[in-house]
Amino acid sequence: MRAHNERLVLTILRRTGPLPKAQIARMTGLSAQTVSVIMRALEADGLLVRSEPVRGKVGQPSVPIGLAADGAFFFGLKVGRRSLQLVLTDFLGDVLARVGARHAYPTPDSVLRFALAGMDEIMGQLPQSHADRISGLGIAIPFQMWDWIQSIGAPRADMDAWRVRDVRTELAERVEFPVYLQNDASAACGAELVLGSAEVPPDFVHFFIGYFIGGGIVLNGSLFTGSTGNAGALGSMPVQSESRKSAQLIDVASLATLERMLAENNEDAEALWTSPDAWAIDEIILQEWILLAAQAIAVAIAATGSVLDIGAALIDGWMPSSVRARLVEEVRVAFGRIDTTGIRPPAIMAGTVGPDARALGGACLAMSERFLVDQNALLAPV
Numbered sequence: 141m142r143a144h145n146e147r148l149v150l151t152i153l154r155r156t157g158p159l160p161k162a163q164i165a166r167m168t169g170l171s172a173q174t175v176s177v178i179m180r181a182l183e184a185d186g187l188l189v190r191s192e193p194v195r196g197k198v199g200q201p202s203v204p205i206g207l208a209a210d211g212a213f214f215f216g217l218k219v220g221r222r223s224l225q226l227v228l229t230d231f232l233g234d235v236l237a238r239v240g241a242r243h244a245y246p247t248p249d250s251v252l253r254f255a256l257a258g259m260d261e262i263m264g265q266l267p268q269s270h271a272d273r274i275s276g277l278g279i280a281i282p283f284q285m286w287d288w289i290q291s292i293g294a295p296r297a298d299m300d301a302w303r304v305r306d307v308r309t310e311l312a313e314r315v316e317f318p319v320y321l322q323n324d325a326s327a328a329c330g331a332e333l334v335l336g337s338a339e340v341p342p343d344f345v346h347f348f349i350g351y352f353i354g355g356g357i358v359l360n361g362s363l364f365t366g367s368t369g370n371a372g373a374l375g376s377m378p379v380q381s382e383s384r385k386s387a388q389l390i391d392v393a394s395l396a397t398l399e400r401m402l403a404e405n406n407e408d409a410e411a412l413w414t415s416p417d418a419w420a421i422d423e424i425i426l427q428e429w430i431l432l433a434a435q436a437i438a439v440a441i442a443a444t445g446s447v448l449d450i451g452a453a454l455i456d457g458w459m460p461s462s463v464r465a466r467l468v469e470e471v472r473v474a475f476g477r478i479d480t481t482g483i484r485p486p487a488i489m490a491g492t493v494g495p496d497a498r499a500l501g502g503a504c505l506a507m508s509e510r511f512l513v514d515q516n517a518l519l520a521p522v
């Protein structure tokens, strides 16, 4: 129970920022004495830090206490179809270091080499006191990689290796901290839940557009991943293609589709993967893809809303913020043309984490597993 209550306090401070002990006691339903004991212990462990006293009110000045930025550090590893990314975050979720690499397609061996070399490089730049407080590695990775052989143009033997290799276990045997693994789109959604700055309802759907589009679902303020960890596989949702034939969302609204459209017009698609901050690509082709993707995403939102009573749909991705804004606006327009009789139309919003969401989601996974509680625990006092 003590461990649970410690996690509960850390989760509240993660969500709200620094608070005085009395307010934490009211929010948790714990006694003032219990909260005082818990917070003294967490402060002694270096996980909490006191802020300046707040004066000017009747009685003793209150002292807000919050998470210590250097209380714990977390690695987040994104395994993408076209790139790898490793970030190190502090206890507040701020990125302290990042390394990346491009590839034609991922293999278990290349991912292991990148992750181990990247962690060594980053840890070599940290003070020993910080390196000793690295508390976990979270891996954000597409599930069933072998299903996408044709889509990513990889040899079958290389992709089949993913059927029998367990990169989480192999990395866990090589590092001194716990290693966790989650579907990459769910991880991106988890990053929005933990680190996002948008005011969102407790139930929402999250789309992340990378080489392939994927999704995540939040119910009652908690990431819902299902029994296999693959809930929210929205990329597999049936939609209508431009030719009005049945297709999956992944075939229409992914950056792989934009890459193909550029190639078909003899345009260089390298800019898509060089940087998510600015794309030097043909504007006509980009606008055509935005319209196609928006229509398909709008259909997916309506279909999701007919099954789950979602209050919002967030859209994020590996793309410039200006492109994301245009896409979100076109999704709103396309959604307005859909007959939504019988469902509550959700707010359609831009995600707030951005291109790093999958890697940051991996770091948030490690943070959550080590120090936080399920968000549902905040709905009622302990």
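As numbered in this note's numbering, residues 141 to 522 make up the sequence shown, in order. Ideal Cβ placement from N, Cα and C applies to all residues, glycine included.
Can you tell me whether T229 is buried or exposed? The criterion is at least 16 other CB atoms within 10 Å of its CB, across all chains shown. Translated into the one-based positions of the sequence shown, residue 229 becomes position 89. Result: buried.
My output table needs one value for P160: the three-state DSSP class, helix, strand or coil. Residue mapping note: residue 160 aligns to position 20 of the sequence shown, counting from 1. Of the three classes helix, strand and coil, the one that applies to P160 here is coil, per DSSP.
Beta-carbon proximity check, G369 vs G354, cutoff 8 Å: The residue given as residue 369 occupies position 229 in the sequence shown. The residue given as residue 354 occupies position 214 in the sequence shown. Cβ distance not < 8 Å, so G369 and G354 don't count as in contact.
Assuming F352 contacts R221 (C-beta within less than 8 Å), just tell me the rounded distance between them. As a position in the sequence shown, residue 352 is number 212, starting the count at 1. As a position in the sequence shown, residue 221 is number 81, starting the count at 1. Rounded, the Cβ-Cβ distance is 7 Å, consistent with contact.
Short of 8 Å in beta carbon distance, which residues of its chain neighbour S446, apart from the five on each side in sequence? Order them along the chain. As a first step, residue 446 must be located in the sequence shown, where it is residue number 306. The residues are G482, I483.
Contact the segment 386-402 vs the segment 431-443: 3+ CB pairs below 8 Å: yes
Rounding to the nearest angstrom, what Cα-Cα distance links P87 and S223 in this structure? Residue 87 falls outside the range modelled here, since the chain spans only 141 to 522, and no answer is possible.
Helix, strand or coil: which one does DSSP assign to F93? The requested residue 93 does not occur in the structure, where the chain is confined to residues 141 to 522.
I'd like to confirm the pairing. Which residues does DSSP put opposite M489 in its beta bridges? The residue given as residue 489 occupies position 349 in the sequence shown. BP columns for M489 point to L454.
Limits of the beta strand (DSSP E) - the one that F283 falls within: Working through the sequence shown from its first residue, we reach residue 283 at position 143. Counting along the chain, F283 falls outside any beta strand (DSSP E), and DSSP gives it neither H nor E.
Could you compute how far the alpha carbon of G502 sits from the alpha carbon of F214? On the sequence shown, residue 502 is found 362 positions in, with the first residue counted as 1. On the sequence shown, residue 214 is found 74 positions in, with the first residue counted as 1. If I take the Cα positions, the gap works out to 9 Å.
Rounding to the nearest angstrom, what Cα-Cα distance links V493 and A297 in this structure? Here residue 493 refers to the residue found at position 353 when the sequence shown is read from its first residue. Here residue 297 refers to the residue found at position 157 when the sequence shown is read from its first residue. Their backbone Cα atoms lie some 35 Å apart in a straight line.
What are the residues that DSSP puts in a beta bridge with Q225? The sequence position of residue 225 within the sequence shown is 85, counting from 1. Its beta-bridge partners are K218, G240.
Can you tell me which of the three DSSP states S275 falls into? The residue labelled residue 275 in the question sits at position 135 within the sequence shown. S275: strand per DSSP, three-state reduction.
Can you tell me where the beta strand (DSSP E) with P378 in it begins and where it stops? In the sequence shown, residue 378 corresponds to position 238, counting from 1. Counting along the chain, the beta strand (DSSP E) containing P378 begins and ends at 378-380.
Backbone secondary structure at G356 - three-state DSSP: Taking the first residue of the sequence shown as position 1, residue 356 is located at position 216. Correct three-state label for G356: strand.
Would you mind stating whether S326 and G372 have Cβ atoms separated by less than 8 Å? Against the sequence shown, residue 326 aligns to sequence position 186. Against the sequence shown, residue 372 aligns to sequence position 232. It is a contact, given that the beta carbons lie within the stated cut-off.
With distances taken from CA atoms, which of L311, L170, G233, G476 is nearest E332? Within the sequence shown, the letter at position 192 stands for residue 332. Of the listed residues, the one whose Cα sits closest to E332 is G233.
Whose CA, out of V319, D272, L266, V251, lies closest to the CA of G186? Translated into the one-based positions of the sequence shown, residue 186 becomes position 46. The shortest Cα separation from G186 among V319, D272, L266, V251 belongs to D272.
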